[in-house]
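J.: In this text, residue positions in the sequence shown follow full-length UniProt numbering: the first is 1, and each later residue adds one. Each residue gets a CB set at the ideal place from its N, CA and C atoms; glycine is no exception. Just so you know, these numbers come straight off a predicted model, no measurement behind them. Below are the structure tokens for one structure; questions will follow.
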Amino acid sequence: MLDNSNFDYKPHLKSAYIDPIRTVTVIDDEYPTIDDLISSTKDSFSQDNISRLKDIIDISRSEEYNWLLDVYNGKEKKIQEGTVSNRLYHSDLLILDYHLDGEDSGYCKKSIDIIKNLSENRHFNIVAVHTKGYDGQKGSVNEVLIDIITSLQERPAISILNDKIKSRIDDALDEWEIEDPSIREDLINSVSTLDLLFLINKFGSNLSSGCFDYEVLGVFHNIFDQKPDNINISKILIFKWISSEKLHRYADQFNNKTSKFFDWGTNENHNWIKTEDLFITVLGKKDTPISDIPNQLLEALSNSKPHPHKLILSKLRSEIESNGSYAASNIINKKFLQAAWLKELLQKEDEYAIKTAAWQAVTKLWEELAYEIKPSLDEFTINLVRDLKKINSPLNYFIEKSTLDAELEQIKHANCFSCSKKITAHHLVTGHVLEFNNNHWLCLTPMCDLVPGQKNGNSLLPVTLVKMYDAKVALNNTRKNMQSELKLPNLPEINEDESIRQILNYSTQNNLLFVQSEHDGKIHILSFTVGLDGKANPKAMDCHVENQGIFSEDKIIVLKYAKPTENEMNIISVEAKIVAELRYEYALNLLGRLGVSKSRVGLDFIN
Numbered sequence: 001m002l003d004n005s006n007f008d009y010k011p012h013l014k015s016a017y018i019d020p021i022r023t024v025t026v027i028d029d030e031y032p033t034i035d036d037l038i039s040s041t042k043d044s045f046s047q048d049n050i051s052r053l054k055d056i057i058d059i060s061r062s063e064e065y066n067w068l069l070d071v072y073n074g075k076e077k078k079i080q081e082g083t084v085s086n087r088l089y090h091s092d093l094l095i096l097d098y099h100l101d102g103e104d105s106g107y108c109k110k111s112i113d114i115i116k117n118l119s120e121n122r123h124f125n126i127v128a129v130h131t132k133g134y135d136g137q138k139g140s141v142n143e144v145l146i147d148i149i150t151s152l153q154e155r156p157a158i159s160i161l162n163d164k165i166k167s168r169i170d171d172a173l174d175e176w177e178i179e180d181p182s183i184r185e186d187l188i189n190s191v192s193t194l195d196l197l198f199l200i201n202k203f204g205s206n207l208s209s210g211c212f213d214y215e216v217l218g219v220f221h222n223i224f225d226q227k228p229d230n231i232n233i234s235k236i237l238i239f240k241w242i243s244s245e246k247l248h249r250y251a252d253q254f255n256n257k258t259s260k261f262f263d264w265g266t267n268e269n270h271n272w273i274k275t276e277d278l279f280i281t282v283l284g285k286k287d288t289p290i291s292d293i294p295n296q297l298l299e300a301l302s303n304s305k306p307h308p309h310k311l312i313l314s315k316l317r318s319e320i321e322s323n324g325s326y327a328a329s330n331i332i333n334k335k336f337l338q339a340a341w342l343k344e345l346l347q348k349e350d351e352y353a354i355k356t357a358a359w360q361a362v363t364k365l366w367e368e369l370a371y372e373i374k375p376s377l378d379e380f381t382i383n384l385v386r387d388l389k390k391i392n393s394p395l396n397y398f399i400e401k402s403t404l405d406a407e408l409e410q411i412k413h414a415n416c417f418s419c420s421k422k423i424t425a426h427h428l429v430t431g432h433v434l435e436f437n438n439n440h441w442l443c444l445t446p447m448c449d450l451v452p453g454q455k456n457g458n459s460l461l462p463v464t465l466v467k468m469y470d471a472k473v474a475l476n477n478t479r480k481n482m483q484s485e486l487k488l489p490n491l492p493e494i495n496e497d498e499s500i501r502q503i504l505n506y507s508t509q510n511n512l513l514f515v516q517s518e519h520d521g522k523i524h525i526l527s528f529t530v531g532l533d534g535k536a537n538p539k540a541m542d543c544h545v546e547n548q549g550i551f552s553e554d555k556i557i558v559l560k561y562a563k564p565t566e567n568e569m570n571i572i573s574v575e576a577k578i579v580a581e582l583r584y585e586y587a588l589n590l591l592g593r594l595g596v597s598k599s600r601v602g603l604d605f606i607n
């Protein structure tokens, strides 16, 4: 077994991220563009910069990469307008000089705007910021890294102080300065800006609650421990003041919201920043020759530890881009199948029916496409898994401890994916989960009886709904039955986790549903019967649905059912919201169980 620190992830990262690159865009005001070469102004560029650009051209034309190359100097209209990112698509590499304004120091809004646009353009981009830093000195890239980090996140709440608290802290520091005139400067310098931003990003909630047990805060702890006894100020307020003072200079650089899935990290040799659609590493021009940029990207990617499934998805995108046309031709050449699918799609008349049919067509085509590109994806995934299994703790390497420890949540989410999916139909179907009168109900009318339009002139469709029980309530009912059968005076109390654990013990007994409501996003565990053991019969209700079960974007339908009161029947009308949809095989299984329950025989039986 390999130690995690010796695991080499880079071959798989290269296959997933570097090999798919087809185009490279360079934006650097020090490089001549094609326009410059045509207009004979190349003499204004230094030989070093021309040589550096030549290195990029040589790498792009090499057999290993075979990239298409485009060069901008930062003066083009699209860059001035901040729309150059529209030309960059997923798997493209951007080599970006940070200072595009002719200056070699300070914040560069032009480059930051490009990065912001890339983080929002819904195409995955890899960016190598190739810079001299603020002062041109070797290794001076941290200032640029901080500029990019602050531009992709909102200002941390811990660094925002109201006037009352700030005044209180200032008064305490004024007293402290009598004993130690340099205390303000010492406190501010006790932690670097980069370390502070890292702590806030990784442990923001802990810091806000006063947990400061981090190695990089050692100097801060030592200074605070020397605070005179007569000064009454807490450590958390001093830390907030430090955060406020250090981040004040970036107040205008912070974004109004943090980019989705924003994260970053750094070590002695490498740094990385990633968002939902962007991966960035900042490289010093004097540290990193052009020829080494691909290797440095791999090192940065490796340090970011992307989830193995992210590599598989990246490889999937690459395969579709590389072999999608060939695969599509194979699919379309199945003429009889495609004719049947197209006929089915064109037969739909109303907007909602077309919407459902369109998604069904896409799903079928996607399934066919998956089979076409399966061999290469299988090979990549199998090789990846084999290498992952060689290391001691692959789960610890890729998954944060809090997620790994939450085993019950993992089971809930996995079971939820197995038995339910997002709502795809435009009308009520077998397996829809409805919510009304503070209860969940499952539609178990056969699918063929729910097709709109088959009963002309009647907008009411008869449907059968089965009441679902909250699993915690069903567990309580089961425990009470056990208590009664065993004649126990009482049952031991159980906490929330133990309750979920006992519920999950029934997962394989064909009685539980796991659904993620589109209404509140929570995973609900529902029982098909009043008890978790499934011994009771399901509670079914016959009713009618208006408008043949067709619903709009709000997913609300109107149900009508009879409710007896003494010797009369009252017709109740109620709005129900469709909150989830079971996978069809699960719905069909429960439909069979309902059929068995309704057709049970018991006449003249004795026990």
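#1: When burial is assigned at 16 or more other CB atoms within 10 Å of the CB, is Leu346 buried or exposed?
#2: Which value, in whole angstroms, describes the spacing of the CA atoms of Ile503 and Ile242?
#3: Of all the options Asn511, Ser517, Ile557, which has the alpha carbon lying nearest to the alpha carbon of Lys535?
#4: What's the C-alpha gap between Thr288 and Val129?
#5: Considering only the beta carbon of each residue, do Thr25 and Leu68 sit closer than 7 Å?
#6: On the three-state DSSP scale, how would you describe Phe436?
#7: CB-CB under 7 Å to Lys138, same chain, minus the five flanking residues each way: which ones, in chain order?
#8: So that I know if they touch, is there some Cβ in chain B lying closer than 7 Å to that of Asn232?
#9: Applying the criterion that 16 or more other CB atoms from any shown protein chain within 10 Å of the CB defines a buried residue, is Asn495 buried or exposed?
#10: Which residues in the same chain as His319 place their Cβ atom closer than 8 Å to its Cβ, once the five residues preceding and following it in sequence are excluded?
#11: Buried or exposed: where does Asn271 fall if 16 or more other Cβ atoms within 10 Å of its Cβ makes it buried?
#12: Among all the DSSP beta bridges, which residues are the ones paired with Leu197?
#13: In the DSSP assignment, what residue or residues form a beta bridge with Tyr72?
#14: By how many angstroms is the C-alpha of Glu154 removed from the C-alpha of Ile160?
#15: Per DSSP, what kind of secondary structure is Asn117 in: helix, strand or coil?
#16: Can you name the start and end residues of the alpha helix (DSSP H) that Ser302 belongs to?
#17: So the beta strand (DSSP E) Ile556 belongs to, where does it begin and stop?
#18: Does the distance from the CB of Leu187 to the CB of Lys246 come in under 7 Å?
#19: Going straight from the alpha carbon of Pro11 to that of Glu493, what length do you get?
#20: If we ignore side chains and look at the alpha-carbon of each, how far apart do Tyr72 and Asn383 end up?
#21: Could you round the C-beta distance between Gln548 and His427 to whole angstroms and report it? I think they count as a contact, below 8 Å.
#22: Counting only runs that start and end within the region 137-206, where is the beta strand (DSSP E) found for 3 or more residues in a row?
#23: Which one or two residues does DSSP pair with Asp542 in a beta bridge?
#24: May I ask which residues mark the beginning and end of the beta strand (DSSP E) holding His524?
#25: Excluding the 5 residues preceding and the 5 following Leu298 in the sequence, name in chain order all residues of the same chain whose CB lies nearer than 7 Å to its CB.
#26: What do you get for Leu590, buried or exposed, if any count of 16 or more other CB atoms within 10 angstroms of its CB means buried?
#27: For Ile578, list the residues DSSP reports as bridge partners.
#28: Could you give the residue range of the alpha helix (DSSP H) that holds Asp387?
#29: Please confirm whether Asn570 and Lys560 have their CB atoms less than 7 Å apart.
#30: In this structure, what does DSSP give as the bridge partners for Met447?
#31: The beta strand (DSSP E) that contains Asp19, what's its start and end?
#32: Out of His413, Val451, Phe528, Ala425, which has the shortest C-alpha to C-alpha gap to Gly521?
#33: Using the Cα positions of Ala300 and Thr281, report the straight-line distance between them to the nearest angstrom.
#34: Return the chain-ordered list of same chain residues with a C-beta closer than 8 Å to the C-beta of Ile223, the five sequence neighbours on each side being excluded.
#35: Using the three-state DSSP reduction, which class does Lys274 fall into: helix, strand or coil?
T.: By the coordinates alone:
#1: Position 346 of the sequence shown, counted from the first residue, corresponds to residue 346. That one is exposed.
#2: Residue mapping note: residue 503 aligns to position 503 of the sequence shown, counting from 1. Residue mapping note: residue 242 aligns to position 242 of the sequence shown, counting from 1. Near 48 Å, if we compare the C-alpha coordinates of Ile242 and Ile503.
#3: Here residue 535 refers to the residue found at position 535 when the sequence shown is read from its first residue. For Lys535, the nearest C-alpha among the options comes from Asn511.
#4: Along the sequence shown, read from residue 1 onward, the residue named residue 288 stands at position 288. Along the sequence shown, read from residue 1 onward, the residue named residue 129 stands at position 129. Those two C-alpha atoms are separated by around 11 Å.
#5: Counting from one through the sequence shown, the residue named residue 25 turns up at place 25. Counting from one through the sequence shown, the residue named residue 68 turns up at place 68. Cβ atoms of Thr25 and Leu68: not closer than 7 Å.
#6: Walking along the sequence shown from the start, residue 436 turns up at place 436. Correct three-state label for Phe436: strand.
#7: For this step, residue 138 is matched to residue 138 along the sequence shown. Because Lys138 carries a pLDDT of 48, less than 50, the predicted location of this residue cannot be relied on, and the following value inherits that uncertainty. So the list reads Gly284, Lys286, Asp287, once near-sequence residues are dropped.
#8: The structure shown has no chain B; it contains just one protein chain.
#9: On the sequence shown, residue 495 is found 495 positions in, with the first residue counted as 1. The residue in question, Asn495, is exposed, as its Cβ has fewer than 16 Cβ neighbours within 10 Å.
#10: As a first step, residue 319 is located in the sequence shown; it is residue number 319 there, counting from the start. At residue 319 the sequence reads Glu, which differs from the His that was named. The residues are Ile373, Ser376, Leu377.
#11: Locating residue 271 in the sequence shown gives position 271, where the first residue counts as 1. Buried: at least 16 other Cβ atoms inside 10 Å.
#12: Here the question's residue 197 lines up with position 197 in the sequence shown. For Leu197, which the question treats as bridged, DSSP gives no partner whatsoever.
#13: Stepping through the sequence shown from its first residue, residue 72 is reached at position 72. Tyr72 pairs with Ile27.
#14: What you label residue 160 is simply residue 160 of the sequence shown in a count that begins at 1. What you label residue 154 is simply residue 154 of the sequence shown in a count that begins at 1. Distance between the alpha carbons of Ile160 and Glu154: 11 Å.
#15: The residue given as residue 117 occupies position 117 in the sequence shown. Helix at Asn117.
#16: For this step, residue 302 is matched to residue 302 along the sequence shown. It spans 293-304 - the alpha helix (DSSP H) in which Ser302 sits, taken as one unbroken run.
#17: For the purposes of this step, residue 556 is taken as the residue at position 556 of the sequence shown. Here the beta strand (DSSP E) through Ile556 covers 556-565.
#18: Position 187 of the sequence shown, counted from the start, is the residue given in the question as residue 187. Position 246 of the sequence shown, counted from the start, is the residue given in the question as residue 246. Contact: no.
#19: Here residue 11 corresponds to residue number 11 of the sequence shown, with the count starting at 1. Here residue 493 corresponds to residue number 493 of the sequence shown, with the count starting at 1. C-alpha separation (whole angstroms): 53 Å.
#20: Within the sequence shown, numbered from 1, the residue matching residue 72 stands at position 72. Within the sequence shown, numbered from 1, the residue matching residue 383 stands at position 383. Rounded to the nearest angstrom, the two C-alpha atoms are 39 Å apart.
#21: What you label residue 548 is simply residue 548 of the sequence shown in a count that begins at 1. What you label residue 427 is simply residue 427 of the sequence shown in a count that begins at 1. So it is a contact: roughly 7 Å between Cβ atoms.
#22: none
#23: Here residue 542 refers to the residue found at position 542 when the sequence shown is read from its first residue. DSSP lists Thr464 as partners of Asp542.
#24: By 1-based counting over the sequence shown, the position of residue 524 is 524. Note, His524: beta strand (DSSP E), 523-527.
#25: Residue mapping note: residue 298 aligns to position 298 of the sequence shown, counting from 1. Lys10, Leu13, Lys14, Ile18, listed in sequence order.
#26: Within the sequence shown, the letter at position 590 stands for residue 590. So Leu590 ends up on the buried side.
#27: One-based indexing of the sequence shown puts residue 578 at position 578. Answer is Leu434, bridged to Ile578.
#28: Residue mapping note: residue 387 aligns to position 387 of the sequence shown, counting from 1. Note, Asp387: alpha helix (DSSP H), 374-388.
#29: Here the question's residue 570 lines up with position 570 in the sequence shown. Here the question's residue 560 lines up with position 560 in the sequence shown. No, the Cβ-Cβ distance between Asn570 and Lys560 is not below 7 Å.
#30: In the sequence shown, the residue the question calls residue 447 occupies position 447. DSSP lists no partner for Met447.
#31: Sequence index remark: in the sequence shown, residue 19 carries index 19 (1-based). No beta strand (DSSP E) holds Asp19; DSSP gives it neither H nor E.
#32: On the sequence shown, residue 521 is found 521 positions in, with the first residue counted as 1. Considering only alpha carbons, the answer is His413.
#33: Numbered from its first residue, the sequence shown carries residue 300 at position 300. Numbered from its first residue, the sequence shown carries residue 281 at position 281. Whole-angstrom Cα-Cα distance: 7 Å.
#34: What you label residue 223 is simply residue 223 of the sequence shown in a count that begins at 1. Here the set comprises Ile183, Asp186, Leu187, Ser190.
#35: Within the sequence shown, residue 274 is the residue found at index 274, counting from 1. In the structure shown, Lys274 sits in a strand (DSSP, three-state: E or B).
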